[in-house]
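Chemist:
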Amino acid sequence: MKWKNSISKKFLTINGIFFVVLVTGIITLLVYEFSLSEEFKERNGALEDKEKLIQTIDDDINSSFLKYRGYVAFSNQEMLKEAKGFERDIRNNIEGLTEMAETENDKQFVDKVTDFHTFYFSIYLPKVEDLYERGNMNELEDYLFNQGTSDDIFDFMDYMKEYRYEVDREIENNVDLMSDKTQASQLLFSLYFLLVISLLFIITWVLIKQVGRPLRELSEAADNITNGKITVLPSYQNSSDEIGVLTNALHTMVNTLQYKEEELIAQNEELLAQQDELHAQQDELQAQQVQLEDNISIIEESNEQLEVRNKFIHDMAETLSRERLLENVVRNMGKVLGANVGIMMMLNDKKTAASIGLPKRAVEQLKSEENNVFLQQLLDVQKAFKVDRKCSRMEATYHSEDMAAFDLFIPVLTSNDIIAAYMQFTRYDAPFTEREIETGEALAMQVSMALEKVDLYEDSEENRLFYQDILNTIQEGVLLVDERGSVLQANTKMSSLMNFPTPNRLLQLSFEEWTTVLVEMAVDKEKLRTDLLSTFSEKEFADDALIFELYQRHDRCVFKMYKEKVSRQDLSYGYILVFRDMTKEYEVDRMKSEFVSTVSHELRTPLASVLGFTERMIYKELTEERKKTYLKTIYQEAKRLTALINDFLDVQKMEAGKQVYRKKPENIVEIIQEASDIFQHNANTHPILLEVMTEQTKVEADREKLSQVMANLLSNAIKYSPDGGKIHIAVISKAEMLQVTIRDHGIGIPKEAIPHLFTKFYRVDNSDLRKIGGTGLGLSIVKEIIHAHDGDIRITSQMEEGTVVTIEIPLAK
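In our numbering, the protein residues as written are 1248 to 2060.
1) DSSP state of Met1696, grouped into three classes?
2) Exposed or buried, what is Gly1382 when buried is set at 16 or more other beta-carbons lying within 10 Å of its beta-carbon?
3) Using the rule of at least 16 other Cβ atoms within 10 Å of the residue's Cβ for burial, across every protein chain shown, is Gln2045 buried or exposed?
4) Going residue by residue through the region 1771-1819, where are the continuous alpha helix (DSSP H) segments of at least 4 residues, counting only ones entirely within it?
5) When you compare only the Cα positions, how much space is there between Asp1716 and Lys1740?
6) Considering just the uninterrupted stretch of the beta strand (DSSP E) at Ser1243, what are its terminal residues?
7) Suppose you measure from the CA of Val1628 to the CA of Gly1585; what does that come to, to the nearest Å?
8) With DSSP run on the structure shown, which of helix, strand or coil describes Arg1231?
9) Looking only at its own chain, which residues have a Cβ that is under 6 Å from the Cβ of Ile1979, when we skip the five neighbours before and after it?
10) Roughly how far, in whole angstroms, is the beta-carbon of Leu1277 from the beta-carbon of Asn1340, given that I think they are within contact range, below 8 Å?
11) Does the region 1922-1940 come close enough to the region 1876-1896 to have 3 or more Cβ pairs within less than 8 Å?
12) Do you know offhand how far Lys1973's Cα is from Leu1726's?
13) Would a C-beta distance cut-off of 8 Å place Leu1712 and Asn1738 closer than the cut-off?
14) When DSSP labels each residue in this structure, what does Leu1735 get in the three-state scheme?
15) Quick check on the burial criterion: 16 or more other C-beta atoms within 10 angstroms. Buried or exposed for Leu1532?
16) Could you check what DSSP says for Leu2016 in three-state terms: helix, strand or coil?
17) Give me the DSSP bridge partner(s) of Asn1914.
18) By the three-class DSSP mapping on this structure, what secondary structure does Glu1714 have?
19) Name the two residues that bound the continuous alpha helix (DSSP H) containing Asp1377.
20) Please report how far the alpha carbon of Val1267 lies from the alpha carbon of Thr1275, in whole angstroms.
21) Taking the C-alpha atoms as reference points, what is the distance between Asp1399 and Gly1343?
22) Who are the near neighbours of Leu1754 in its chain, counting only those whose CB is closer than 8 Å to its CB and skipping five residues on each side?
23) Between the C-alpha atoms of Leu1793 and Ser1784, what's the straight-line distance to the nearest angstrom?
24) Going by DSSP in three states, Lys2007 sits in which element: helix, strand or coil?
25) Please report the distance separating the alpha-carbon of Phe1788 from that of Gln1816.
26) Could you check which residue in Ala1677, Asp1307, Phe1281 has the C-alpha nearest to that of Arg1636?
27) Relative to the C-alpha of Thr1451, which residue among Ser1757, Gly1263, Glu1467, Asn1542 is closest?
28) Express the C-alpha separation of Asn1575 and Val1701 in angstroms, rounding to a whole number.
29) Would the region 1863-1874 and the region 1994-2006 be scored as touching if the rule is three or more Cβ pairs under 8 Å?
30) Closest to Lys1952 by C-alpha separation, out of Tyr1967, Met1901, Ile1976, His1933, would be which residue?
31) Does Phe1281 pass the burial test, meaning 16 or more other C-beta atoms within 10 Å, or should it be called exposed?
32) Quick check: the Cα distance between Glu2135 and Gly1292, rounded to an integer number of angstroms?
33) Just mark Asn1751 as buried or exposed, buried being the case when its beta carbon has 16 or more other beta carbons within 10 Å.
34) The alpha helix (DSSP H) spanning Leu1594 covers which residue range?
35) Going by beta-carbon coordinates alone, are Phe1747 and Ala1769 separated by less than 8 Å?
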């Protein structure tokens, strides 16, 4: 069949023509609508530009007219200047309008606007300005109103508005015209499209009619052939399209079917003969299948036994618990041997046992038997053996007839041929075969190896726990790591340091994991990370230890890390890392350094004053009054030195336990008043107010030491209130205690520093507080004295609001 005569080509040709015609119509419509749109835009744009120019001219004339009126009304020369300034803009807009004029009406409008522009700016405005400047108001009024000049201006403005309305109407007419043309083009295209669709439908209908009838006849003929009916085939062989090809194919198929039918009849006879032969072969195959099923059953049974043995070995290998191992062995051995009852017992002091099918009472009875005949036989022969016997009364239960029981005893020998345990299994259906006995002995060897592995694990675990207990007693953090830095062992101190609940949580952490945890806790993270990497990158660790700071429960702690290599039999095993908490030592060193610096400063200042004034008195002639002043200063500085040295001596006595207190009943109010008198020279800036709210003011105390406490606390209240302020002292009694509260309104103390105030040599790390002198011993001495009087002291403070010191001392009996 040739393509040029095919039905497909006919349909494609029709569709192609339809597509070309349709696309041509669409393109024509689009081109026409585009031209309409461009024409509309061009026309509409010109009209809008003309309207804008007219609007601008109108606005400029109105603005100029209003400015001239303002000039006349207010004599404002600036408004006159602005009114004249519109002349050039209006002239430029008139020129633009002249270029856009198309109709006689447009040209007439341009002429009128030009004439008005000439009249307004060349005649009207100069004359009004001249008359107004000369003060000839009567003539100006006559010119404006009687001669009709103003009416001419208003008439022109009305004319401008009318012309603007005409331009607006032109724009609206242009839009309506565009809409009408668009609707007409769309209607024309719709008619054109309907015409093309109708033509396509008619041509398609004719083609379908030409093709449908032959196809229907051929389909009926094929259906008759399929159903075995005799039919007359349609003759369309001369057709050159697909119908002709299909007709020829149908004729060829009918001829072929007739030939094949004859051939199939002959083959059917041959198949009948072969069927008889197949029946005979089928009988033979059925016999082979029965034999094959028997072999498969044997293989499946062997596979089940193999799976049971594999599970037996797997269960033994997966546990290191002796009790769990015995349970797995007795359960799986029972499955391998098909036994319902069994027990495995260790032959040691504990006689650990596991059983299946036995009550606990029977197991305990077997443990307590010392003269077990079968066990003694097993110890003698050291081989597995079986026993056939009658069931005991307990085993027979409700059976009245005698029943047989079959026992199998299997020893579990160690590598030294010593029986470590034995197994006993019982079943009631059949005796144990020699093959099962051999299997039991072979598996007993596996059990023996598993028991030895458990023994080794228990010994190593006992050693590990022993060494772990030793490590846990060490007060430094200890880590044992391998060559790559992975954790092998840690103690409780180390787990606490790294915020882990137990040392086991640290095990097997890689170098990156545990160092990351440590670095996250560090004050200087980058430095610690670099130091740790550098430390483990070196084959040999330097003598200097690694020192770093970590945050521990919101406190900064100083740690020193030592690293030592661990070797076993000249083979490197890893490294032992020791993390020592040096915070207290570090803090003591820091406080000692600060103390030396503070003491040096505190001693140097009064000594410098004494030396300076003494030198002046020796080498210079001074008046008696000046000498007295110098001696008074030397005396004050000497007292200051004495108080400083006394503080040091008091601390030494208190630390050595040699401080003596001479207690007797004293009136604390008198002691407070004596201490207050010392600071009377500060009364102007720091008045001291005493409020006694109790009649019980007697305490059992050392007057001198208690005076030292009050003087120290009042001195601090004054020193740390540099801007002045009242010092309030309140005395009250509570139960058997006398409470004294000293409140100032000074600079206050940071909250985080309050817990450390009573530490020797402690100074608040604050620039404002550091400017105020002191050794850091005063409050430490105060606390020791108060505690020696069985009392207590507390401090509360708010920054920029002040500090409250409360002491409590027992009342005198």
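Every residue, glycine too, gets a C-beta built ideally from N, C-alpha and C.
Modeler: Taking the definition as stated:
1) Under the three-state reduction of DSSP, Met1696 is assigned to helix.
2) Residue environment: Gly1382 is assigned as exposed (fewer than 16 neighbouring CB atoms within 10 Å of its CB, all protein chains considered).
3) Exposed.
4) The alpha helix (DSSP H) runs lying completely inside the region 1771-1819 and spanning 4 residues or more are 1772-1784, given in chain order.
5) About 12 Å.
6) Past the edges of the chain, shown from 1248 to 2060, lies residue 1243, and the structure says nothing about it.
7) Rounded to whole angstroms, Val1628 to Gly1585 spans 25 Å at the Cα level.
8) This structure cannot settle anything about residue 1231, because the visible part of the chain is limited to 1248 through 2060.
9) Correct list, in chain order: Met1940, Thr1941, Gln1986.
10) Approximately 39 Å separates the beta-carbon atoms of Leu1277 and Asn1340; this is outside 8 Å, ruling out the contact.
11) These segments do not touch.
12) The straight-line gap separating the alpha-carbon atoms of Lys1973 and Leu1726 is approximately 58 Å.
13) No, these two residues do not count as a Cβ contact at 8 Å.
14) Of the three classes helix, strand and coil, the one that applies to Leu1735 here is strand, per DSSP.
15) Classification of Leu1532: exposed, given that the 10 Å Cβ count is below 16.
16) Residue placement at Leu2016 is poorly supported in this model, since its pLDDT is 49, which falls under 50; the coordinates still yield a value, given next. Looking at Leu2016 - three-state DSSP - the assignment turns out to be helix.
17) According to DSSP, Asn1914 bridges with Lys1945.
18) The question names Glu, yet the displayed sequence has Tyr at residue 1714. DSSP places Tyr1714 in helix when its eight states are reduced to three.
19) Note, Asp1377: alpha helix (DSSP H), 1372-1381.
20) CA-to-CA, the gap between Val1267 and Thr1275 works out to about 12 Å.
21) A direct Cα-to-Cα measurement between Asp1399 and Gly1343 gives close to 25 Å.
22) Around Leu1754: Val1734, Leu1735, Gln1736, Ala1737.
23) Approximately 14 Å between the Cα atoms of the pair.
24) Lys2007 falls in the coil class under three-state DSSP.
25) Any reading at Phe1788 needs caution, since the residue's pLDDT is 49, under 50, leaving its predicted position unreliable; the model's value is listed next. Those two C-alpha atoms are separated by around 21 Å.
26) The shortest C-alpha to C-alpha distance from Arg1636 to any of Ala1677, Asp1307, Phe1281 is the one to Ala1677.
27) Closest by alpha carbon: Gly1263.
28) Asn1575 has its alpha-carbon roughly 14 Å from the corresponding atom of Val1701.
29) They do not touch, by the three-pair rule.
30) Out of Tyr1967, Met1901, Ile1976, His1933, Met1901 has the C-alpha closest to the C-alpha of Lys1952.
31) The residue in question, Phe1281, is exposed, as its Cβ has fewer than 16 Cβ neighbours within 10 Å.
32) A query on residue 2135 cannot be resolved here, the shown segment of the chain reaching from 1248 to 2060 and no further.
33) With fewer than 16 Cβ atoms within 10 Å of its Cβ, Asn1751 is classed as exposed.
34) Unbroken run through Leu1594: none, as it is neither H nor E.
35) No, Cβ-Cβ distance for Phe1747 and Ala1769 is not below 8 Å.
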